[in-house]
Amino acid sequence: MIQRKVSIILENKPGALVRVVGLFHQRGYNIESLHVDPVNDLTKYKYVEKNLNIKLKEGEVSHLIISTTVNDNLLRQILRQINKLIDVLIAEEVK
Amino acid sequence: MKLAGNDILIQSLINEGVEYIFGYPGGAALHIYDAIFKQNKMEHILVRHEQGATHAADGYARATGKPGVVLVTSGPGATNAITGIATAFMDSIPMVVISGQVAKHLIGTDAFQETDMIGISRPIVKHSFTVESAENIPEIVKQAFYIATSGRPGPVVIDVPKDTTAPDKLFEFNYPDEVNIRSYSPPIDPEKNQIERAVEAIIASEKPVIYAGGGAINSNASSELIKLNEILNFPVTNTLMGLGVYPATDERFLGMLGMHGTYQANMAMHNADLIIAIGARFDDRITNTPKLFAPNAKIIHFDVDHSSVSKIIEANIAVFGQVKNSLNEIIKLCELKKEMINTKKISSWKNQIKEWKKSHGLNHDMYLEDSDDSPIMPQAVVQHVYNITEGKAFVTSDVGQHQMFAAQYYHFDEPRKWINSGGLGTMGFGLPSAMGVKLAFPNDEVVCITGEGSIQMCIQELSTCTQYNLPIKIININNEALGMVKQWQDMNYGGRHSESTYQSSLPNFIELVESYGHVGIKIEKNSELKSQLERAFSLKDKLVFVDVYVDPDEHVYPMLVAPNGSLKDMWLDKETKT
Ligand SMILES: Cc1ncc(C[n+]2csc(CCOP(=O)(O)OP(=O)(O)O)c2C)c(N)n1
Ligand SMILES: [Mg+2]
Chain A
44 MIQRKVSIIL ENKPGALVRV VGLFHQRGYN IESLHVDPVN DLTKYKYVEK
94 NLNIKLKEGE VSHLIISTTV NDNLLRQILR QINKLIDVLI AEEVK
Chain B
31 MKLAGNDILI QSLINEGVEY IFGYPGGAAL HIYDAIFKQN KMEHILVRHE
81 QGATHAADGY ARATGKPGVV LVTSGPGATN AITGIATAFM DSIPMVVISG
131 QVAKHLIGTD AFQETDMIGI SRPIVKHSFT VESAENIPEI VKQAFYIATS
181 GRPGPVVIDV PKDTTAPDKL FEFNYPDEVN IRSYSPPIDP EKNQIERAVE
231 AIIASEKPVI YAGGGAINSN ASSELIKLNE ILNFPVTNTL MGLGVYPATD
281 ERFLGMLGMH GTYQANMAMH NADLIIAIGA RFDDRITNTP KLFAPNAKII
331 HFDVDHSSVS KIIEANIAVF GQVKNSLNEI IKLCELKKEM INTKKISSWK
381 NQIKEWKKSH GLNHDMYLED SDDSPIMPQA VVQHVYNITE GKAFVTSDVG
431 QHQMFAAQYY HFDEPRKWIN SGGLGTMGFG LPSAMGVKLA FPNDEVVCIT
481 GEGSIQMCIQ ELSTCTQYNL PIKIININNE ALGMVKQWQD MNYGGRHSES
531 TYQSSLPNFI ELVESYGHVG IKIEKNSELK SQLERAFSLK DKLVFVDVYV
581 DPDEHVYPML VAPNGSLKDM WLDKETKT
């Protein structure tokens, strides 16, 4: 098992972050580090707009990076669980 | 049109087509209750405990497919609703729960009846909302109903601070026609190549089984499943949650699988070379030890929820989409390729399954016993109820041995007729859920098969049944014990019945139900069982509580051997293991 980084773009709404963090605890996954920023510079996130066919505005979404040590299967399961959260736009592994 | 927040909320629900709202008033919800008083489009059902409200809404939702709606006050009202929300969550039942909350300026001050409902309910809801202003209510309600009912359904909580429903501030009311949540798009149609791969696997199979669960019911895919199997002619098993999605009286039906599944269903799953999972999630009551599960089977998994696939058992072929749509696609392709199915090999597989059924299948003739020398068997009670209701009743249940006997011996030919708490296993579910079903289907027979332990967990709802005149039939399979607990203690704890019996503290159920204005019938002898049950069902306009004293030592079999067992490892009776 190696440490992986999960990158999550989510709506910048009250309660959105705690849903992600709560999910880790609820499903028994460990959080080793966590970093969150509101997204003000959208240039890096064109792919989100393209994938979801939407237009983002400054400050509307946050970018969350969580690291956790898991195997491939569990990582896939974690990503699917996070993507299922209603306020999450995209969750993926940072390669 | 200008309305106050409380009227906006109620009008929004009416716009969603809500016919019943199950609830209980209190301070933080009083503005909302005033708005309920002023309208007559939606009926409020006043329960006796908020848990009852959630289960009633849940029963309504399971029977109709429409979302159940609940209204509770803040604090204890909200916390009392938690068990019912968790029950709906575990079984993916669409529900919208509106909880009153203290006014916004009081939040965080430990105000009277303040609890963080959003926080408490977070792990057991599909999503939740806090109303910030009355103006947002229509949008939130629209989104809540959409989220609760689409994709994999589930409960949604809307927490409503009291000031946002104040009657003295008016806002323009417009209910949105459409809803679009950019971060939420559940899959609908399957990918074509997955359907093709699934059909290839079907053609290659010699020992196939269809394993269908509650997801197939949620997706209203029963007729598609039947149509698919008209082409395939495969053996079919259902999970506890899936009973009725495939007709139980069809000769290809093997019965329920899993912990208390039939011998033939569990053996077929264990020995299969192909398992077609349809809206089923391989939970631990199905797989037994996952590593030992169906060692030779390829798995095709149809589901709407990505996170359910390959969670416990790796799927070889995953078909994401609304199960109904996916089945429609596969039906088309199977129709074209049906000649290629290996009917010869599959026919000897079916013969093998028939042998299994013959050797250790359930005995469905226990109702024939009428001698008073032997105690009433709980299985026989269910068999009589099945015969008397001609298999057409809605049957709700609680949790324990009686639930398993109901699942094993009432043959459900239609979906949404079997209403039970499968995932959470909530004692107390049976009676209130039956109320929700009866309100939705007043002309149908609604039976609650319960135990003397479970029924006491929401027995206060007998009063609700009086108020709204709900002539449910309650069959109390009375073994004077927490039978399922006792069974485990018999099997795993040397027969030490730690806290699973009540000495002689049980109420006189007959007098109890009579005090609510209902009819009580006590049955203690085999010779009276049939006639007294018939009498109960002949009292059409009455809630009848039948208190049947059954063999207190009976166990539910088959039962999977755990831990470290596979699906072929079963107890078949008290002495015999496979
Ligand atoms: C709320 C709740 N508490 C505890 C349990 C654990 N439990 C499962 S079955 C059972 C016994 C149920 O007794 P009864 O309703 O009389 O049914 P029986 O098994 O006797 O048919 C218990 C205590 C549960 N499922 N739900
Ligand atoms: Mg009991």
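In order, the protein sequences belong to chains A and B. If you number the first sequence the way our numbering does, the last residue is 138 and the count never jumps. If you number the second sequence the way our numbering does, the last residue is 608 and the count never jumps. Beta carbons are placed, not taken as given, at the ideal position from N, Cα and C, and that holds for glycine. Please read all numbers here as calculations on a predicted model, not as lab measurements.
CB of residue i to nearest heavy atom of ligand 2: below 6 angstroms?
i: residue 509 (chain B); result: yes
i: residue 481 (chain B); result: yes
i: residue 513 (chain B); result: yes
Taking DSSP's pairing of strands, which residues face residue i in a bridge?
i: residue 268 (chain B); result: B:242 and B:286
i: residue 125 (chain B); result: B:98 and B:185
i: residue 577 (chain B); result: B:506 and B:552
i: residue 476 (chain B); result: B:424
i: residue 46 (chain A); result: A:112
i: residue 403 (chain B); result: None, per the DSSP bridge assignment.
i: residue 79 (chain A); result: A:107
i: residue 118 (chain A); result: According to DSSP, residue 118 (chain A) bridges with nothing at all.
i: residue 65 (chain B); result: In DSSP, residue 65 (chain B) forms no bridge with anything.
At a CB-CB cut-off below 8 angstroms, which residues of chain B make contact with residue i?
i: residue 132 (chain A); result: 212 and 213
i: residue 54 (chain A); result: 213
i: residue 62 (chain A); result: 152
i: residue 129 (chain A); result: 156, 157, 177, 211, 213 and 214
In chain B, what lies closer than 7 angstroms to residue i by C-beta?
i: residue 123 (chain A); result: 336 and 337
i: residue 69 (chain A); result: 153
i: residue 109 (chain A); result: Those do not exist, as residue 109 (chain A) stays about 17 angstroms from chain B at its closest Cβ, beyond 7 angstroms.
i: residue 102 (chain A); result: Near residue 102 (chain A) there are no residues of chain B at all, since even the closest Cβ is about 16 angstroms away, more than 7 angstroms.
Could you work out which residue in the options is closest to residue i when comparing CA atoms only?
i: residue 127 (chain A); options: A:48, A:66, A:57 and A:45; result: A:66
i: residue 196 (chain B); options: B:388, B:165 and B:546; result: B:165
i: residue 450 (chain B); options: B:72, B:244 and B:180; result: B:244
i: residue 72 (chain B); options: B:62, B:64 and B:49; result: B:49
i: residue 305 (chain B); options: B:276, B:344 and B:468; result: B:344
i: residue 307 (chain B); options: B:314, B:328 and B:322; result: B:328
i: residue 583 (chain B); options: B:438, B:432 and B:490; result: B:432
i: residue 132 (chain B); options: B:190, B:268 and B:92; result: B:190
i: residue 606 (chain B); options: B:575, B:588 and B:417; result: B:588
i: residue 104 (chain A); options: A:68, A:80 and A:71; result: A:80
i: residue 94 (chain B); options: B:128, B:467 and B:372; result: B:467
i: residue 563 (chain B); options: B:206, B:453, B:414 and B:396; result: B:414
Flag residue i as yes when its Cβ comes closer than 6 angstroms to any non-hydrogen atom of ligand 3, and as no otherwise.
i: residue 120 (chain B); result: Ligands present in the displayed structure are limited to ligand 1 and ligand 2, and ligand 3 is not among them.
Taking 6 angstroms as the cut-off, does the CB of residue i come closer than this to any heavy atom belonging to ligand 1?
i: residue 74 (chain B); result: no
i: residue 586 (chain B); result: no
i: residue 432 (chain B); result: yes
i: residue 377 (chain B); result: no
i: residue 105 (chain B); result: no
i: residue 528 (chain B); result: no
i: residue 429 (chain B); result: yes
i: residue 596 (chain B); result: no
i: residue 18 (chain B); result: The structure shown does not extend to residue 18 (chain B), since chain B spans only 31 to 608, so no value can be given for it.
i: residue 463 (chain B); result: no
i: residue 484 (chain B); result: yes
Give me the chain B residues within the contact set of residue i, using Cβ-Cβ distance strictly less than 9 angstroms, ordered along the chain.
i: residue 95 (chain A); result: 212, 213 and 215
i: residue 89 (chain A); result: Residues of chain B passing the Cβ test: none, with the nearest at roughly 16 angstroms.
Going along chain A, which residues have a C-beta under 7 angstroms from residue i?
i: residue 148 (chain B); result: 58
i: residue 341 (chain B); result: 120
Worksheet item: Is there contact here, the region 497-509 of chain B with the region 470-487 of chain B, by at least three beta-carbon pairs under 8 angstroms?
Response: yes
Worksheet item: Is the number of C-beta pairs between the region 93-105 of chain A and the region 114-123 of chain A that are closer than 8 angstroms three or more?
Response: no
Item to complete: Could you tell me whether the region 291-303 of chain B touches the region 394-401 of chain B, using the rule of 3 or more Cβ pairs below 8 angstroms?
Response: no
Practice prompt. Would you check if the region 81-99 of chain B and the region 451-462 of chain B touch, i.e. whether three or more CB-CB distances between them fall below 8 angstroms?
Written response: yes
Fill in: Cβ contact check for the region 96-113 of chain B and the region 505-522 of chain B: 3 or more pairs under 8 angstroms
no
Worksheet item: How about the region 117-134 of chain B and the region 182-195 of chain B: do they share at least three Cβ pairs that are nearer than 8 angstroms?
Response: yes
Item to complete: Specify whether the region 218-231 of chain B and the region 332-351 of chain B touch according to this definition: at least 3 beta carbon pairs, one from each stretch, less than 8 angstroms apart.
Response: yes
Discussion item. When you compare the region 579-596 of chain B with the region 419-435 of chain B, are there three or more beta-carbon pairs, one atom per stretch, that lie closer than 8 angstroms?
Written reply: yes
Discussion item. Between the region 418-430 of chain B and the region 438-454 of chain B, can you find at least three pairs of beta-carbon atoms closer than 8 angstroms?
Written reply: yes
Discussion item. Could you check whether the region 361-372 of chain B touches the region 258-267 of chain B, counting it as contact only if at least three pairs of C-beta atoms, one from each stretch, sit closer than 8 angstroms?
Written reply: yes
Fill in: Any 3 or more C-beta pairs closer than 8 angstroms across the region 211-222 of chain B and the region 405-416 of chain B
no
Worksheet item: With a cut-off of 8 angstroms, do at least 3 Cβ pairs link the region 520-529 of chain B to the region 551-568 of chain B?
Response: no
Discussion item. Three Cβ pairs or more, each shorter than 8 angstroms: is that satisfied between the region 314-330 of chain B and the region 593-605 of chain B?
Written reply: yes
Worksheet item: Hey, is the region 533-552 of chain B in contact with the region 563-573 of chain B, meaning 3+ C-beta pairs nearer than 8 angstroms?
Response: yes
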